[in-house]
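Under this note's numbering, the first residue of the sequence shown carries the number 394, and numbering increases by one thereafter.
Built from N, CA and C at the ideal position, the CB exists for glycine as well.
Please read all numbers here as calculations on a predicted model, not as lab measurements.
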Amino acid sequence: MQQTREPPKFGNAREAIRRAFRDVAFPEKIAPSEAANRHRFLRNPGAYSGPWKDSPEPSQHLEDPTNSLAMTSTYAIIAVIGPSQMGKSEIGNNWQVHSVIYDPADMAFYSPTRELTASYVTTQINKLLEECPDVAARQLDSASADNIYLKQFRGCDWHFLWPTGPNFRARPFSRGRLDDYDDFDQDIGDQGDAVSLFEGRTTSFQGYGWKLYVNSSPKLGAKRGIEPLVAAGTSKRWWVDCLSCGDPFEMAWERLDFQRDGTALEAASTVYLGCPTCGGVHGQKDKPLLMKTGRWIGRGERAVTGGKTGVIEPNATDSYWFDGTFGLAPWSTLARQYRTAELRFEEHQDEGPLKSFFQTKVGRNYVSRSSADAPVTADALTERAEASGYKMGVVPDGIVAITMTVDLGIDRFSVMAVGHGVGNRTWIIDRFDILTLSDGITKLEPFRRREHWSVLYEKVLSRTYPLQRDPSLRMKVFCTGIDTGGTDDATDNAYAWWSDMVTGSRKARRAALPATAIMLLKGGNKPGSRLLPAPTVDAKRQVKGLPECELWIPNVNRMKDIADYRMRRPAPGPAYMDIPTDFPAKAIAELRAEEKVEGLWEKPEGVRNESWDLFVYALVVMLRMIGLDQNLTNVPQWARPPRPKGAARIAEPTNDPDATPQPPTPTPAGPRVVQAKPTGPTRPKPRRSVRTVRSH
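Here it is as structure tokens:
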């Protein structure tokens, strides 16, 4: 049977002409913020979902920087500094929506790394296309028009890149975004910073106009990254009018007031925004009304009630200081987080949480609390030693545990003993160098000769110190930290020595030590990392049948900040570092060998710093053994100062690992005593000790 085919149907001529004219018609002239109001629809499960313009969150501060990205604006660079989650990236997203629909041109987006760029595309850009059908409708249909690193539309492309020399040289762009600028390398491929490199690729567009949007939370200080870029621009700040007297004031962190000497919850419950003129109190419920009175005030302008006067100074960069007080976070949350970070500093001298708070919650670079103070001098430490009242080699009252730390040299082991007490108080007990083996003749070579490490058992691990109040009683070492940094040979020797120590030796009459008796250390070079990350385990260096040998890599830059603060404490008390009267002047100089330059500790060339490193590592050892809260109840009884009971005399412990120490005779009166069997650093024979339990 013969089949007939129907002829194709003609399209609708009017519709075809209408579509063609729509594509060639000059787009409507509207501001980028208006484009967001028309076309963006938010979908945020658990938060607001709906049209952008109807969001209940105050967003008045986003309008001016967004509109400055229009090509009709006279500014070439728009820069925003501010905390996380405050709409900085949304400004760029709204600009891209406007660019596709109303002013097409190719645009390049740069994120610090390739992985972060891909993550931004999958979590933000793809979501934006789903939320904006009018933008998605202009996307090309070809398979290559929609991938992680390229989105193609009618009239323009979006390129998603990361900061490398080739990516900036690849092709010119008239529009660009640098997201999280302070995470960029400040010298990309030895060619310069990202802002300069991008501007260099806009030469062919100089006569027609180009735009670059740069945003970041601050991390690099006042001289690098986003802050100097913003400071050199129009430097606009957000001002509001007091709801009581009507006078304008800057809405900033300094205007928040709360109870600063109580708990974090008390700070959260008492927070308010104060007017500097009349003292008017504004609570969280007043924030929407305050934001409605807000406006940006730049250089050359002055805020007046209901507006501003003056003429802004000419500049190629339009810049904005975002502050956490007019962000999404409630003021009570800011107060609670700040007080929590401040208490952490007061208790542990760790500025990490404070630094994180100001950078990510307030939106400004953190200024160290010690920056305005002169560093403690060697002379001041000498005076402290002269007034200490104890000599090297003895244990003063107050010490609960002793740590030993060892640093490697080409021809020596440098050693320090540090006592630790309540409230993070420390006492330097001993400082010496081991230059020879036990024969007193053979010179040490720790990097080359593995067998030379055996001297550490006799001269460090087995060492005990007499109590100052009763020299007949001697105190054992809680834990020993060894710096394995240096050459691969030194690291190999450290692992082999650790394995030998935890194995024990019948020939040398040396009992096996528990794995926690020795801590292998290596200084970390990531200033932004955790204080003490989880240890690493090198499978190639493990010995079958033994516990895993762990290598701890602390954030030495932050640990040195903590050590420096404790050294600055002027009077005995919590977090105070005490020094023996006969501590060598050379060792005191080593404690002050390093200086802080642009947030990083540096050692001048040719200066010795062993005592400083050893003291810092002593704090690391205690951090690992009992935690940041320094709960000294976790120190086992065998590592504490021995206490005589009644008239019974306690025999002086020896360094013989096979000797079984006798427990003191408990007194009949006093707290209830429970017999316990803690683990110690040696296991020659069963050990008995006492644990006192007090009723609460």
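Selection from the options that minimises the alpha carbon distance to residue i
i: residue 620; options: 714, 694, 651; result: 714
i: residue 684; options: 914, 455, 552, 1006; result: 455
i: residue 822; options: 1024, 588, 400, 786; result: 786
i: residue 754; options: 851, 611, 543, 600; result: 611
i: residue 477; options: 777, 717, 977, 448; result: 717
i: residue 965; options: 814, 727, 400; result: 814
i: residue 945; options: 957, 959, 921, 909; result: 909
i: residue 901; options: 521, 848, 613, 917; result: 848
i: residue 522; options: 463, 473, 435; result: 435
i: residue 570; options: 631, 928, 506, 486; result: 486
i: residue 950; options: 925, 831, 506; result: 925
i: residue 793; options: 1036, 833, 651; result: 1036
i: residue 503; options: 558, 820, 970, 1017; result: 558
i: residue 736; options: 985, 981, 655; result: 655
i: residue 725; options: 1014, 767, 663, 733; result: 663
i: residue 920; options: 492, 989, 788; result: 989
i: residue 805; options: 846, 632, 983; result: 846
i: residue 425; options: 449, 493, 447, 450; result: 493
i: residue 790; options: 673, 474, 819; result: 819
i: residue 529; options: 508, 561, 490; result: 490
i: residue 930; options: 938, 896, 888; result: 888
i: residue 826; options: 899, 809, 1015; result: 809
Rounded C-alpha distance that separates residue i from residue j
i: residue 994; j: residue 443; result: 49 Å
i: residue 431; j: residue 488; result: 13 Å
i: residue 409; j: residue 626; result: 48 Å
i: residue 771; j: residue 609; result: 40 Å
i: residue 421; j: residue 429; result: 14 Å
i: residue 638; j: residue 707; result: 33 Å
i: residue 589; j: residue 481; result: 21 Å
i: residue 871; j: residue 660; result: 39 Å
i: residue 729; j: residue 858; result: 44 Å
i: residue 411; j: residue 405; result: 10 Å
i: residue 1030; j: residue 581; result: 55 Å
i: residue 1019; j: residue 1010; result: 14 Å
i: residue 479; j: residue 517; result: 15 Å
i: residue 918; j: residue 968; result: 26 Å
i: residue 460; j: residue 471; result: 10 Å
i: residue 882; j: residue 842; result: 9 Å
i: residue 564; j: residue 594; result: 7 Å
i: residue 553; j: residue 699; result: 42 Å
i: residue 452; j: residue 720; result: 8 Å
i: residue 749; j: residue 992; result: 14 Å
i: residue 467; j: residue 498; result: 18 Å
i: residue 1041; j: residue 812; result: The predicted position of residue 1041 is uncertain, since its pLDDT is 45 and thus under 50; a value taken from the coordinates is nonetheless stated next. Straight-line Cα distance between these residues: approximately 27 Å.
i: residue 400; j: residue 551; result: 41 Å
i: residue 423; j: residue 458; result: 15 Å
i: residue 592; j: residue 688; result: 30 Å
Per-residue burial, residue i [other beta carbons within 10 Å of its own, 16 or more giving buried]
i: residue 403; result: exposed
i: residue 525; result: buried
i: residue 1026; result: exposed
i: residue 645; result: buried
i: residue 601; result: exposed
i: residue 712; result: buried
i: residue 796; result: buried
i: residue 778; result: buried
i: residue 691; result: buried
i: residue 1117; result: A question about residue 1117 goes unanswered here, because the residues of the chain that appear run from 394 up to 1089.
i: residue 596; result: exposed
i: residue 441; result: exposed
i: residue 671; result: exposed
i: residue 710; result: buried
i: residue 674; result: exposed
Expected contact under 8 Å - CB spacing of residue i and residue j to nearest Å
i: residue 1007; j: residue 800; result: 6 Å
i: residue 941; j: residue 913; result: With 8 Å as the limit, residue 941 and residue 913 do not qualify as a contact, their Cβ atoms being about 11 Å apart.
i: residue 566; j: residue 501; result: 4 Å
i: residue 649; j: residue 636; result: Residue 649 to residue 636, Cβ: 16 Å. No contact.
i: residue 769; j: residue 934; result: That pair is no contact at about 40 Å.
i: residue 817; j: residue 584; result: No, residue 817 and residue 584 are not in contact; Cβ-Cβ is about 46 Å, not under 8 Å.
i: residue 614; j: residue 758; result: 5 Å
Please confirm if the stretch 863-881 is in contact with the stretch 831-838, defined as three or more CB-CB distances below 8 Å between the two stretches.
-> Touching, no.
Three or more beta-carbon pairs under 8 Å between the stretch 982-999 and the stretch 779-795, yes or no?
-> Touching, no.
Just checking, does the stretch 574-583 make contact with the stretch 530-540 on the three C-beta pairs under 8 Å criterion?
-> Touching, no, given that fewer than three Cβ pairs across the two stretches are closer than 8 Å.
For the stretch 755-763 against the stretch 950-967, are there 3 or more C-beta pairs whose distance is under 8 Å?
-> In this structure the stretch 755-763 lies against the stretch 950-967, because at least three pairs of beta carbons, one per stretch, are closer than 8 Å.
Cβ contact check for the stretch 695-704 and the stretch 733-749: 3 or more pairs under 8 Å = Touching, no, given that fewer than three Cβ pairs across the two stretches are closer than 8 Å.
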